[in-house]
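In our numbering, the protein residues as written are 1048 to 1150.
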């Protein structure tokens, strides 16, 4: 087995450091972003939960028997995690694009 060159170690180390900086940046949210995420989670938690046999339009998967979905004001229903994920980058219903108030 050939020895690893110091240049190779440097490249790997630099790459690892870059990844760690990227991770730190992603995990360090500005205060406004943290508030926005908290408001979005609160919004999803306060949406009515309804039983449906429809398909979630975000993940395109059926609801399991007896599984509740979160109903947005326009009447469309989604898995709680799916609509939470969608609302983290959008402010409207994924189907009809009606605005969903974040508080």
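Think of the CB as a built atom: it goes at the ideal place given N, C-alpha and C, for glycine as much as any other residue.
Collapsed DSSP secondary structure at residue i in the structure displayed
| i | result |
| --- | --- |
| residue 1107 | coil |
| residue 1142 | coil |
Residue interval of the alpha helix (DSSP H) (run including residue i)
| i | result |
| --- | --- |
| residue 1130 | 1127-1134 |
Residues bridged to residue i [DSSP beta-bridge criterion]
| i | result |
| --- | --- |
| residue 1096 | 1117 |
| residue 1124 | 1118 |
| residue 1091 | Note: residue 1091 sits in no beta bridge, so no partner. |
Residue i versus residue j - alpha carbon distance
| i | j | result |
| --- | --- | --- |
| residue 1056 | residue 1066 | Because the pLDDT of residue 1056 is 48, which lies under 50, any placement of that residue in the model is unreliable, and the question is left without a value. |
| residue 1108 | residue 1102 | 5 Å |
| residue 1139 | residue 1110 | 21 Å |
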